[in-house]
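Right, one structure below, let's go through it.
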Amino acid sequence: MALPVFVRLAKQNCSVCINVLTEMDLGEYEEQAKEALLFALEEHGSKQAARALGKLQVSEAVPSLIDLNKEVTKNMQAHRWNQPSAEILAALSELDDQMAIKAAGETLDNVPLTHEFAHTLKSAIQTISNH
65 MALPVFVRLA KQNCSVCINV LTEMDLGEYE EQAKEALLFA LEEHGSKQAA
115 RALGKLQVSE AVPSLIDLNK EVTKNMQAHR WNQPSAEILA ALSELDDQMA
165 IKAAGETLDN VPLTHEFAHT LKSAIQTISN H
């Protein structure tokens, strides 16, 4: 099975491999995959890894997601970015963690929502508002 190759490449922030891991039943490789995704998030600020960790319900990712979310918000407020990362907010909203929900909510409070952005974040916003 080629799954260990995907795990190794995910650690290097290969978005295709991260997407594959998100869709597969990881079985015995689940812990290795989670470690690789956490590494990609922490070392590369990977938005794809953030989304995958949210889908996989990896609560250990919360501190790194909050740090990345703060960086995104800071850059957004300095007008370097127009909007925060939908992947980060979606990951935060999928984790049943009060710190994650608060961080996502604070970011959303600071964002003028465009129609497109609101559509992209629809599921994340609904999840946050349900808590």
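All residue numbers for the sequence shown refer to our numbering, where the first residue is 65 and numbers rise by one. No residue lacks a Cβ here, since even glycine has one placed at the ideal position from N, Cα and C.
Query, Result
"Serine 79 in three-state terms, based on DSSP", "helix"
"Beta strand (DSSP E) segments (min. 3 residues) lying fully within the region 87-145", "none"
"Alanine 97 versus aspartate 173 - alpha carbon distance", "33 Å"
"Check whether arginine 115 and glutamate 151 have beta carbons under 7 Å apart", "yes"
"Neighbourhood of serine 123 by C-beta distance below 7 Å, restricted to the same chain and skipping five residues each side", "Leu159 and Asp161"
"Straight-line Cα distance separating leucine 156 from alanine 168", "6 Å"
"Straight-line Cα distance separating leucine 101 from asparagine 77", "8 Å"
"Where the alpha helix (DSSP H) containing glutamate 149 begins and where it ends", "Rather than glutamate, the amino acid found at residue 149 in this sequence is serine. First-last for serine 149: undefined, no H or E at that position."
"Alpha-carbon spacing of lysine 111 relative to lysine 119, whole angstroms", "13 Å"
"From Val71, Ala154 and Asp89, residue whose alpha carbon lies closest to that of cysteine 81", "Val71"
"Cβ-based burial, alanine 74 [other Cβ within 10 Å; buried from 16]", "buried"
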